[in-house]
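Chemist: Next up is a structure, given as C-alpha cells.
The following block contains the structure:
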C-alpha cells in the first residue's frame, strides 16, 4: 500500500482518539435559556465538556455545520455573547464506587450534603453502552420489596426493569422508598449473620424535577430508617436548570453500573422519567430540533431506551453483578396510552399500575391487578412463595369482576359468594402501610394461612390485625418454624401439620379474645 495513504489512515485514526484531541477555541454567538450557540469548535464531540472563559462549563449536544449547541451547567448568569469557549477533550463523567454510599449529590456528582468532598478515585462516563446479549444471563434471583402484593403477584428479579406508573399522589414514590428500606433491612440482617453467600443490594435514588422539600423529606425517611448507609441520592430539583434534570438519570445509572461490573447488586430508581422527558423536550426546542408528537423530539424513545437497557444481570465472566431499574412515570387521568408512558412500557419488563380509584377507596398500595404485570414472572420467586401465590392474581381479578355485578344487589349462589368473600380478604391482607415490610417467610405464612381458610370465618376488619399479629405470634413462639418456611423448597406433610397446629393456637390466643372484646 502506498506509504502516503497509510499515513493518512493513521492520522485519521489518531484524530478520533480522545487522548490525542487538540483543544480548539471558539466564541459564543448567542445565548438562549441555558443553551449557548458557539462557533469555532471544529474538533468538539457530542457530550464533550466545553469550558468558557469565565469558568462556566457545558456539554456539546448539537453538532451543526457552522455552530455547536452547548447545554450549560451551573450558574450561567455571568455568560455573555462573545465570551470565549474551548474544548476539553473530556466526556461527561461522574465519580463511582462504594465511597458514594450515604451521600447526596447533584447530576454532576458534586456533593450537596455538606459532608466534605467525594473521595472516590474512579470515574465513569455517564453515557455508556448497554451490556450485550452474550454478557447477560436470565433473571432468576428475587429482589424482595417487602410489599406483599408485589412479591406475591408481580415479582421483581435482580436485573429486571419494572415500571411503576400511575397518576400524581397515588403512592409511586412510597413503593420505591419501601423497596429501598427493605433492601437496607435485608442488608443489615445479612451482614450481621456473616453468611458468606449473602449479597447486599445497594440503592441509588434519582430525584428528577421534585421540590426541594420533597427531596429533603425523602432523605429524612432514609436516614431515620438507617438506610442511607446503603443508598446514594442524586438530586436534580425542579429549581435546577433542565440540563441537570436531563443528566441525573444517566449519572445514577453510571454509579449503579460500578456495582454491577464488580460482582455486586444495585437497585436504581428514577423518580420520575416524565419530568426527565419534559426537561429534554425543553432543551431540544431551544436547540431548534424538529418537534413531533406532543412537541417531543423524534429521539425521545432513544432517550429512555439507552438508559433502561443498561439494567441487566451479568454472567460470571462479565462481572456477575446486576442492576435493577425501577423507573416511575406519571400519567394524566390514568391514561397509559399517552406518548411517554407507552414508550417506557414497551422498553421495560412489566409495569405496576397504581389506580386512583382504588387509592381513594383506601386500597393502598393501590395496585391494579388487570393492568399490572411482570414479564419475568415466577422465575423471580422462591419456591415457597410460588406455591402459595400461584392463583392469587386470578382470584383477585375474578373478585373485582364479580364485585362490579354484586353491587347491583342481585342474589348470588354459594360459590360466587365464596369467591367474593375470599377476594375481599385478599384485598384486606394486601393493604400494607408504608414502612412495614414483610420478610419472605412472613409472606409465605400469611398467604398459606389465608389459602387454608383460616381467615374465612373472621370479619374483614380482623384481616388487618391478622397481617400484624400472626407473624408476631410466630416470631415469639415458633421462630424456628418461621425460619423453616423461608428455607424450605416446598410444603411437606410434617411442615403443614406443624403450621396447622401453630396457626390454630394463634387464632385461639390472639384473635378470638380481641373479637369478643370488640
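Numbering (my numbering), first residue to last: -4 to 513.
For each residue, glycine too, the CB sits at the ideal point set by N, CA and C.
#1: Taking all protein chains shown into account, decide if residue 448 is buried (16 or more other Cβ within 10 angstroms of its Cβ) or exposed.
#2: How many whole angstroms separate the CB atoms of residue 202 and residue 237, which I take to be in contact at a CB cut-off of 8 Å?
#3: Please report the Cβ distance between residue 358 and residue 439, rounded to the nearest whole angstrom; I am assuming they are in contact, meaning their Cβ atoms lie under 8 Å.
#4: Which whole-angstrom value is the C-beta distance of residue 303 and residue 246, which I expect to be below 8 Å?
#5: Beta strand (DSSP E) containing residue 322: first to last residue?
#6: What are the partner residues of residue 52, as DSSP defines its beta bridges?
#7: Between which two residues does the alpha helix (DSSP H) carrying residue 22 extend?
#8: I'd like to check one pair, residue 265 with residue 257: are the Cβ atoms closer than 9 Å?
#9: To the nearest angstrom, how far is it from the Cα of residue 437 to the Cα of residue 145?
#10: Would you give the residue range spanned by the alpha helix (DSSP H) that residue 335 belongs to?
#11: For my contact list, residue 231 and residue 102 are in at a C-beta cut-off of 8 Å; report their separation, rounded to the angstrom.
#12: Which of helix, strand or coil does DSSP assign to residue 466?
#13: Between which residues of its own chain and residue 117 is the CB-CB distance below 6 Å, once the five residues before and five after are set aside?
#14: Excluding sequence positions up to five away, which residues of its chain have a Cβ less than 6 Å from the Cβ of residue 363?
#15: Mapping DSSP to helix, strand and coil, what is residue 515?
#16: Leaving out five residues on either side along the sequence, give the residues of the same chain with a beta carbon under 7 Å from the beta carbon of residue 380.
#17: With a threshold of 6 Å on Cβ separation, who are the neighbours of residue 149 within its own chain once the five nearest residues in sequence on each side are excluded?
#18: Roughly how many angstroms lie between the CA atoms of residue 430 and residue 140, to the nearest whole one?
#19: Between residue 305 and the rest of its own chain, which residues show a CB-CB distance below 6 Å, the 5 nearest in sequence each way excluded?
#20: Among all the DSSP beta bridges, which residues are the ones paired with residue 106?
#21: On the DSSP bridge assignment, give the partners of residue 422 in chain order.
#22: Relative to the C-alpha of residue 480, which residue among 441, 46, 454 is closest?
#23: Mind checking residue 120: buried by the 16 CB within 10 Å criterion, or exposed?
#24: If the criterion is Cβ atoms closer than 9 Å, does the pair residue 259 and residue 194 meet it?
#25: Would you mind giving the Cβ-Cβ distance between residue 65 and residue 89, rounded to the nearest angstrom? I have them listed as a contact below 8 Å.
#26: If you drop the 5 nearest sequence neighbours on each side, which residues of the same chain put their C-beta closer than 8 Å to that of residue 327?
#27: Output yes or no for whether 9 Å exceeds the beta carbon distance between residue 136 and residue 345.
#28: Can you find the residues in the same chain that come closer than 7 Å, C-beta to C-beta, to residue 108, ignoring five residues on each side of it along the sequence?
#29: For residue 374, which residues in the same chain have their Cβ closer than 6 Å to its Cβ, ignoring the five residues on either side in sequence?
#30: For the alpha helix (DSSP H) containing residue 345, name the first residue and the last one.
#31: Check residue 367 in the structure and name its three-state DSSP category.
#32: Considering only C-alpha positions, which residue in the set 471, 499, 462 is nearest to residue 143?
#33: Leaving out five residues on either side along the sequence, give the residues of the same chain with a beta carbon under 7 Å from the beta carbon of residue 354.
#34: Going by DSSP in three states, residue 265 sits in which element: helix, strand or coil?
#35: Report the CB separation of residue 40 from residue 79 in whole angstroms; it is logged as a contact under 8 Å.
Modeler: In short, the structure shows the following:
#1: exposed
#2: Wrong, their Cβ atoms sit about 15 Å apart, outside the cutoff.
#3: Between residue 439 and residue 358 the Cβ distance is about 23 Å, and since that is not below 8 Å, they are no contact.
#4: So it is not a contact: roughly 15 Å between Cβ atoms.
#5: 317 to 326
#6: 46, 68
#7: Counting along the chain, residue 22 falls outside any alpha helix (DSSP H), though it belongs to the beta strand (DSSP E) covering 20 to 26.
#8: no
#9: Distance between residue 437 and residue 145, taken at the CA atoms: about 14 Å.
#10: 334 to 342
#11: With 8 Å as the limit, residue 231 and residue 102 qualify as a contact, their Cβ atoms being about 5 Å apart.
#12: Assigned with DSSP and collapsed to three states, residue 466 falls in helix.
#13: 91, 92
#14: Apart from the 5 residues on each side of it in sequence, residue 363 sits with its Cβ closer than 6 Å to the Cβ of 348, 350 in its chain, given in chain order.
#15: What the structure shows of the chain is the stretch from -4 to 513, and residue 515 is not part of that stretch, so it cannot be assessed.
#16: 146, 147, 435, 438, 439
#17: 347, 367, 369
#18: 11 Å
#19: 125, 248, listed in sequence order.
#20: 100
#21: Looking at the DSSP output, residue 422 bridges to nothing.
#22: 441
#23: exposed
#24: yes
#25: Incorrect: roughly 19 Å between the Cβ atoms, too far for contact.
#26: 162, 333.
#27: Taking the C-beta atoms as reference points, residue 345 is found no nearer than 9 Å to residue 136.
#28: 98, 99
#29: Cβ neighbours of residue 374 beyond the five flanking positions: 135.
#30: It is not in any alpha helix (DSSP H) - residue 345 instead sits in the beta strand (DSSP E) that spans 345 to 349.
#31: coil
#32: 462
#33: 165, 166, 361
#34: strand
#35: Residue 40 to residue 79, Cβ: 19 Å. No contact.
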